[in-house]
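Data block below; observations after.
In our numbering, the protein residues as written are 30 to 603.
As structure tokens, this is what we get:
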């Protein structure tokens, strides 16, 4: 069997897509490519393939093991769900960007060397930004630019780290890296930007809510989870990641609870849930890494389902905030969307019989095994806040508005409901039967999620949260908010630097421009008469006057003469 890199069908599909004129053919291509890759992945033998020479380096385009395969599975499944949900989208450019985005994410996952990884890492950024820009308004435009700025910074750090690493060890192989040193620190910084670890996270809640309805669904799945994958491969067991992830899990929840925008609330929960994964990677060992990978797998499904549910509401009503939805009631008009959304809510909250229960609890159990009680407390508190804001508050304020205003809306398109239905089915399937997921993890799994103590403890926490929500219900009203996250500091810092540079360097800039202009004039004159440097100014000016009348200046003339005699000399030598 010929091992075709999983990214290749997506990249070829992106190139062919605009040339396909029949709508049904385009739709078939979008659904067929993920299924083809998903069918091929289990047949890959473990090892390194597709090695090519580039300059003096050997690049490995396909490195297969259990860790890369499990991410390959979920990335392909998510591509099918996302394209099914967005099958009605007629903009060829948006679908091409999604194909490139998925393909580049798979390229990162199966890259066997750091240079190949970097190329796909940058392609991931370049393609994903169009899923934001295709929304077409001013907010999306500026959010996309800020998104690029953050990722260019991360990409520069990553490239600098890769170069230093190669100079130190002479190898570009993707594998465990030292937890100290300048090269490793720069590489880690590049990965942490894509993982949205605070304070490097503002690009995510800023950009994801501004994407297109379908584009945001893709955005939830690939950038941050590609970062989790590469962190698990290179920095597993790094204690800094354990603490950063634990704080990150609670940090995202706190900001999510203050949000008025549906998708911005869910975007902050991406920060929180990726925090669990980063924490699991930092804990290390079989339990920690397995938990991080399992949670990444499950998170892609339920987070896409949550964004699809919120996107369906925005698609049908044109409203995106709780304040705008407060005077209408949607639960009678969109009951299927509500049910499917709640399945995603139960999954992200770790309710038994849903997939989040079998993955999130593994990370918490790993923190117990490592004897880190503070980490355990932070993760449990984040779980409570997640249940409150995504499963209780968001559905209540979105579907059960207190107003009496009637709106003529219904369920979204059939393909959107089908996409949500596939994701919801998998959330329940893996929650009830986690064995296929556990078998795919990189290390053998001995963890049992369904123990009496675990079930009773989880249900007790969730029940307490429901009681607290019921008590606070009369006070829970939508309100417009402006949250001051780290992006506020970055913008203030940027403006301060701009003012400082304008005040102190304007005169210097003027002088430099004048000097450059004088150099250009001098070089232009010298090209016409190279002897002007050695003649008095008056004589040089007289010669310049005569040269303006001539067909050819002295500089080009001497150049042609030199080429003529050089050619004769070369022919004589041959």
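Every residue, glycine too, gets a C-beta built ideally from N, C-alpha and C.
Notebook entry, point to check: From which residue to which residue does the alpha helix (DSSP H) around residue 206 run?
Noted result: That residue, residue 206, is in no alpha helix (DSSP H); it is neither H nor E in DSSP.
Item checked: residue 406 - DSSP class collapsed to helix/strand/coil -> Helix.
Check: For residue 647, which residues of its own chain have a beta-carbon under 7 Å away from its beta-carbon, when the five flanking residues on both sides are left out?
Finding: Given a span of 30 to 603 for the chain in the structure shown, any question on residue 647 remains unanswerable.
Item checked: Helix, strand or coil at residue 88 [DSSP, three-state] -> If DSSP states are grouped into helix, strand and coil, residue 88 belongs with the strands.
Notebook entry, point to check: What first and last residue would you give for the alpha helix (DSSP H) that runs through residue 78?
Noted result: That residue, residue 78, is in no alpha helix (DSSP H); its beta strand (DSSP E) goes 76-83.
Margin query: For the pair the stretch 310-328 and the stretch 355-366, tell me if three or more CB-CB distances fall below 8 Å.
Written below: Result no; under three Cβ-Cβ pairs closer than 8 Å.
Item checked: Spatial neighbours of residue 144 in its chain, beta-carbon cut-off 8 Å, leaving aside the 5 residues before and after -> Non-local beta-carbon contacts of residue 144 in its own chain, meaning distances under 8 Å to residues more than five positions away in sequence, involve 83, 86, 88, 191, 201 in chain order.
Notebook entry, point to check: Does the beta-carbon of residue 455 have 16 or more other beta-carbons within 10 angstroms, so that it is buried, or is it exposed?
Noted result: It counts as buried.
Check: For residue 134 versus residue 255, is the C-beta distance shorter than 7 Å?
Finding: Yes, the pair counts as a contact, with Cβ atoms nearer than the cut-off.
Next item on the list: Entirely within the stretch 119-152 and at least 4 residues each: give me those alpha helix (DSSP H) ranges in chain order.
Entry: As summarised for the stretch 119-152, the continuous alpha helix (DSSP H) elements at least 4 residues long and confined to that stretch are 121-139, given in chain order.
Next item on the list: Measure the alpha-carbon distance for residue 483 versus residue 64 and round it to whole angstroms.
Entry: Distance between the alpha carbons of residue 483 and residue 64 is about 36 Å.
Note to self: Ignoring anything shorter than 3 residues, give me the beta strand (DSSP E) runs that lie fully in the stretch 147-189, in order along the chain.
What the structure shows: Those beta strand (DSSP E) runs which fall completely within the stretch 147-189 and span 3+ residues do not exist here.
Note to self: To test your reading of the DSSP string, which unbroken alpha helix (DSSP H) runs of 4 or more residues are found completely within the stretch 204-287?
What the structure shows: For the stretch 204-287, whole alpha helix (DSSP H) runs of length 4 or above, ordered along the chain, are 211-224, 232-236, 242-248, 252-263, 268-285.
Check: So does the stretch 465-482 actually touch the stretch 360-379, counting three or more Cβ pairs closer than 8 Å?
Finding: Too few Cβ pairs lie closer than 8 Å, so no.
Next item on the list: Quick one: residues in its chain with C-beta nearer than 7 Å to the C-beta of residue 62, no 5 flanking neighbours on either side, listed in chain order?
Entry: So the qualifying residues of the chain are 38, 39, 42.
Notebook entry, point to check: Whole-angstrom Cβ separation of residue 224 and residue 263, contact assumed at under 8 Å?
Noted result: Contact doesn't hold; Cβ gap of about 12 Å is too wide.
Next item on the list: Within 10 angstroms of the Cβ of residue 34, are there 16 or more other Cβ atoms? Answer buried if so, exposed if not.
Entry: Label assigned to residue 34: buried.
Next item on the list: Out of 57, 90, 99, point me to the one whose CA is closest to residue 319's CA.
Entry: Of 57, 90, 99, the residue nearest in Cα terms is 99.
Item checked: Contact check, residue 267 vs residue 208, beta carbons under 7 Å -> Judged by their CB atoms, residue 267 and residue 208 are nearer to each other than the 7 Å cut-off.
Margin query: Using a 10 Å radius around the Cβ and a threshold of 16 neighbouring Cβ atoms, would you call residue 481 buried or exposed?
Written below: With fewer than 16 Cβ atoms within 10 Å of its Cβ, residue 481 is classed as exposed.
Next item on the list: Compute the beta-carbon to beta-carbon distance between residue 160 and residue 111, rounded to the nearest angstrom, for a pair I have assumed lies under 8 Å.
Entry: Not a contact, Cβ separation roughly 10 Å.
Note to self: Rounding to the nearest angstrom, what Cα-Cα distance links residue 54 and residue 445 in this structure?
What the structure shows: Residue 54 and residue 445 have their alpha carbons spaced roughly 19 Å apart.
Item checked: Inter-stretch contact at 8 Å, needing at least 3 Cβ pairs: the stretch 165-173 / the stretch 211-230 -> No, because fewer than three Cβ pairs between the stretch 165-173 and the stretch 211-230 fall closer than 8 Å, the two stretches do not touch.
Item checked: Terminal residues of the alpha helix (DSSP H) in which residue 324 lies -> It spans 314-346 - the alpha helix (DSSP H) in which residue 324 sits, taken as one unbroken run.
Check: With 16 other CB atoms within 10 Å as the buried threshold, where does residue 290 fall?
Finding: The residue in question, residue 290, is buried, as its Cβ has 16 or more Cβ neighbours within 10 Å.
Notebook entry, point to check: Could you give the residue range of the alpha helix (DSSP H) that holds residue 444?
Noted result: Run containing residue 444: 443-461, per the alpha helix (DSSP H) assignment.
Check: If you count every other CB in all the chains shown that lies within 10 Å of the CB of residue 180, and 16 or more means buried, which is it?
Finding: Taking a 10 Å sphere around the C-beta of residue 180, we find 16 or more other C-beta atoms and assign the residue as buried.
Notebook entry, point to check: Does DSSP put residue 62 in a helix, a strand or coil?
Noted result: Residue 62 falls in the helix class under three-state DSSP.
Next item on the list: Put residue 388 into one of helix, strand or coil per three-state DSSP.
Entry: If DSSP states are grouped into helix, strand and coil, residue 388 belongs with the helices.
Note to self: With the cut-off set at 7 Å, would you say residue 310 and residue 260 are in Cβ contact?
What the structure shows: Against a cut-off of 7 Å, the Cβ pair of residue 260 and residue 310 comes out as a contact.
Notebook entry, point to check: Where does residue 93 fall in DSSP's three states?
Noted result: DSSP places residue 93 in the strand class (E or B) of the three-state scheme.
Checklist line | residue 299 vs residue 271 beta-carbon contact at 7 Å | finding: No, the Cβ-Cβ distance between residue 299 and residue 271 is not below 7 Å.
Notebook entry, point to check: Who are residue 202's beta bridge partners in DSSP?
Noted result: According to DSSP, residue 202 bridges with 142.
Item checked: Where the alpha helix (DSSP H) containing residue 364 begins and where it ends -> Unbroken alpha helix (DSSP H) run through residue 364: 364-377.
Next item on the list: On the DSSP bridge assignment, give the partners of residue 412 in chain order.
Entry: Answer by DSSP bridge pairing: none, since residue 412 is not bridged.
Notebook entry, point to check: Excluding sequence positions up to five away, which residues of its chain have a Cβ less than 7 Å from the Cβ of residue 396?
Noted result: Listed in chain order, the non-local C-beta contacts of residue 396 below 7 Å within the same chain comprise 312, 404, 405, 408, local neighbours out to five positions each way being set aside.
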